[in-house]
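In the numbering used here, the protein residues as written are 634 to 980. No residue lacks a Cβ here, since even glycine has one placed at the ideal position from N, Cα and C. These numbers were taken from a predicted model, which means no experiment stands behind them. Below: one structure, written as structure tokens.
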Amino acid sequence: MSAPASAQRRIGVLLVNLGTPDSPQTPDVRRYLNEFLTDGRVVDMPAAIRYPLFRGLVVPLRAPKSAKIYQELWTERGSPLLFHGLDLQKKVQEQLGPNYVVAFGMRYQNPSIEKALAELRDAAVERIIVLPLFPQYAAASTGSVQQKVMELVSKWWVVPSISFISTFTDNPGFIGTIVTLGKAEMAKRDYDHIVFSYHGIPERHVLKGSHNGYCKLGNCCASYNKNNRYCYRAQCFETSRLVAAGLGLSPEQYTVAFQSRLQSRLRDPWLQPYTDEVLKEMPAKGLKNVLAFSPAFVADCLETTIEVGSEFKELFEEAGGNHWQLVPSLNSHPQWVDAVVGMVKEN
């Protein structure tokens, strides 16, 4: 006879995404940007320079502009990144059952990682599995979440066993959900080309994490192996290859590119090619109907809905393109929920 659920040892699951302002108003956006852009893993410059530069100059200038964009993104349910995360948490909890406690937190702002961890501690879980919701590992995203979790838990008197799912670049469930969503869009019309657009990071971030100098920012990403398993660029190419294979695409039928760079490439090169530049060249090559994926994001957010879905569409049409279509993010799609549950159980 099994013991009651309340008496059984329970496992804690912490799902974490990047973050969102509490509202699309300038003061809340400013608070969010201040926390985000002063993270030493996001902007890897000395704190003595980072804090006054971003809090004193960059954020005050950027916050009002970003607030207007967040106002376009906001829905009746609030921030998509937040409510999709809460929906995912609820569905994963339902599937895992009472022997698990699933919490959801944001690296920046609310609900905080600290609050989510406190929920798990209060539930007296035996161990904690942390799943940062970033498919491809980067020091500025997954690495930052891991560091924050360790900093917080290190202050607990009793520290449970903790494990991290650091990357799910090639997870079959993750890849399969993207393929399902892509096929649904491709069934609606014919496309001339596919674009996989990933969030960019500075090239130096990739080089700093290179294993024994393996990374050359070139053909070293042609295969995914033990030497580049945690290389962000290599992971992006691997995800693209796997999704393309699932969609039956040849290498000539798709392009991998990077978006959302923060600074001038002349002063601070980011991963290339840049999506906004690539798409402008496509119509002249006869590629006038393009389907775009954002496989670095598992939930709709500013970078997907606004940047890829709206801003890139406008740039593409101005360059002579006919149709630019963004494939929705995974959000809380049933197949994605199954994938998350599978990753938790495997760990």
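For the putative contact between Y887 and A877, defined by C-beta atoms under 8 angstroms, what is the C-beta separation to the nearest angstrom? 5 angstroms
For L935 and I827, believed in contact at Cβ under 8 angstroms, the rounded distance:
Actually they are not in contact, since the Cβ atoms of I827 and L935 sit about 22 angstroms apart, beyond 8 angstroms.
Practice item. Below 8 angstroms CB to CB, which residues in the same chain sit around I746 once its five sequence neighbours on both sides are set aside? Key: Excluding residues within five positions, the ones whose Cβ falls inside 8 angstroms are L647, V649, G738, M739, R740, V778, K781, V782 and L785.
Roughly how many angstroms separate the alpha carbons of Q982 and F891, rounded to a whole number? This structure does not reach residue 982, given that the chain is present from 634 up to 980, and the question cannot be answered.
What residue range is occupied by the uninterrupted beta strand (DSSP E) comprising A925?
N922 to F926
W789 burial status per 10 Å Cβ neighbour count (16 or more: buried) = exposed
inquiry  = Comparing C-alpha positions only, which one of G879, N955 and I939 sits nearest to K913?
reply    = For K913, the closest alpha carbon among the candidates G879, N955 and I939 is that of N955.
C-alpha gap between V791 and A751, whole angstroms
For the pair V791 and A751, the Cα-to-Cα distance works out to about 12 angstroms.
### Task
Using a threshold of 7 angstroms, state whether the C-beta atoms of S830 and V941 are closer than that.
yes
Report task. From the DSSP output, read off the bridge partner residues of R663. Result -> Paired residues: none, contrary to the question.
What does the Cβ neighbour count give for G652, buried or exposed, with the cut at 16 atoms within 10 Å? buried
Quick one: is I644 buried, meaning 16 or more other Cβ sit within 10 Å of its Cβ, or exposed? buried
Secondary structure of P835, DSSP reduced to three states: P835 falls in the strand class under three-state DSSP.
**Item:** CB contact flag (V977, I762, <7 angstroms)
**Value:** yes
**Study point:** Continuous beta strand (DSSP E) stretch holding F945: start and end
**Key:** Not the beta strand (DSSP E): F945 falls in the alpha helix (DSSP H), residues F945 to E951.
Work out the CA separation of P884 and L721 for me, nearest whole Å. 33 angstroms
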